[in-house]
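Numbering (my numbering), first residue to last: 271 to 473.
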Amino acid sequence: MLDRHIRPYIDPPLNRIGGHIAGWGLSANAVTFAGLAFGLAAAGAVVAEAFVLAMLFILASRLADGLDGAVARARGVTDFGGYLDITCDYAFYAAIPLAFVMLNPAAHGVAGTFLLLSFYVNAGSFLGFSVLAERRKMRSDAHGMKSLYFTSGLLEGTETIVFFLVLCLLPAWFSPLAFGFGVLCLFTAGARVLLAWKVFATK
């Protein structure tokens, strides 16, 4: 919901920094892998109960996630780069809830499983829509230049990152927060299915 509104503010500085990184010879894929490494480090910090460190790693991971696209635009966008980016994104999104489950399986297991289920359903609705949108040659730059067609929803990347940061600030509240966010994820997926029915119901 917030992604398209913050894009005009974050894209210009990201593009400038990304241009410098491209000039150093780093590839967009290397930046993508760095973002994943930071994300997995954040998950490890959660398991170690180093929540401040986890927050710093989460922010570093998402900064890299924004910079890889900027580097790609400077060096040349590739289909594989877009594929790698979305794959690493979903690995990161799954790693943080899993880390909280590992932190306290007895207390967090059910809520964490429900949260991962909601992520899985939401991801399926997003990727399925993107495939059909590509088949119909649909285009949108509301979320910046992307390799995939991005549909807006109640919960997007910005909301998910804020949610992860809140979990780190309030780890004792993981279960109610996870259930609440999971319900909103399923609502987002349901809304996307309705949109797909409206857009793709006819040949």
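Beta carbons are placed, not taken as given, at the ideal position from N, Cα and C, and that holds for glycine.
Item: Residue burial classification, G382 (beta-carbon count within 10 angstroms, cutoff 16); Value: buried
Item: V436 and L447 closer than 8 Å at C-beta; Value: yes
Item: Own chain partners of G379 with C-beta closer than 8 Å, once the 5 adjacent residues on each side are dropped; Value: V371
Item: Straight-line gap, A471 to S400 (C-alpha atoms, nearest Å); Value: 15 Å
Item: Limits of the unbroken alpha helix (DSSP H) element including P375; Value: P375 to R405
Item: Cβ-Cβ distance between A385 and G314 below 8 Å; Value: It should be noted that the sequence gives Leu, not Ala, for residue 385. For L385 and G314, no; Cβs fall outside 8 Å.
Item: L373 beta carbon less than 8 Å from that of E426; Value: no
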